[in-house]
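Quick notes on the structure that follows.
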Amino acid sequence: MPKMKTHRGAAKRFTKTGTGKIKRNKAFKRHILEKKSSNRKAGLGKSAIVSKGDAKRIEQLLVYVK
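Under our numbering, the first residue of the sequence shown is numbered 3, with each subsequent residue one higher.
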């Protein structure tokens, strides 16, 4: 059986933490920022941990990402 390939789109969007959790960036920070509060924009700049249900699927895409 051939080697599995890492899903390149997922590899660019997600990273693994030292404890093995999957980190993601938040959406809605690209444009239409005038109406969003500075507090909200600051929060959107921070990364978040992927939920358990989604993490299982994403781990299958990130085969060789450490």
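By construction, the Cβ of each residue, glycine as well, lies at the ideal position given by its N, Cα and C atoms. This one's a predicted model, so the numbers in the text were calculated from it and none came from an experiment.
Item checked: Met3 versus Gly11 - alpha carbon distance -> As a working note, residue 3 is residue 1 in the sequence shown. As a working note, residue 11 is residue 9 in the sequence shown. Between Met3 and Gly11, the C-alpha separation is close to 23 Å.
Notebook entry, point to check: In whole angstroms, what separates the C-alpha of Ala13 from that of Leu63?
Noted result: In the sequence shown, counting from the first residue as 1, residue 13 sits at position 11. In the sequence shown, counting from the first residue as 1, residue 63 sits at position 61. Computed Cα separation, rounded: 8 Å.
Note to self: I need the straight-line Cα distance from Met6 to Val65, nearest angstrom please.
What the structure shows: One-based indexing of the sequence shown puts residue 6 at position 4. One-based indexing of the sequence shown puts residue 65 at position 63. In a straight line, the C-alpha of Met6 is about 7 Å away from that of Val65.
Margin query: Do Ser49 and Asn27 count as a contact pair if the criterion is CB distance below 8 Å?
Written below: Residue numbering aside, residue 27 sits at position 25 when the sequence shown is read from its first letter. Residue numbering aside, residue 49 sits at position 47 when the sequence shown is read from its first letter. For Asn27 and Ser49, yes; Cβs fall inside 8 Å.
Notebook entry, point to check: What residues are listed by DSSP as bridge partners for Ile51?
Noted result: For this step, residue 51 is matched to residue 49 along the sequence shown. According to DSSP, Ile51 bridges with Lys25.
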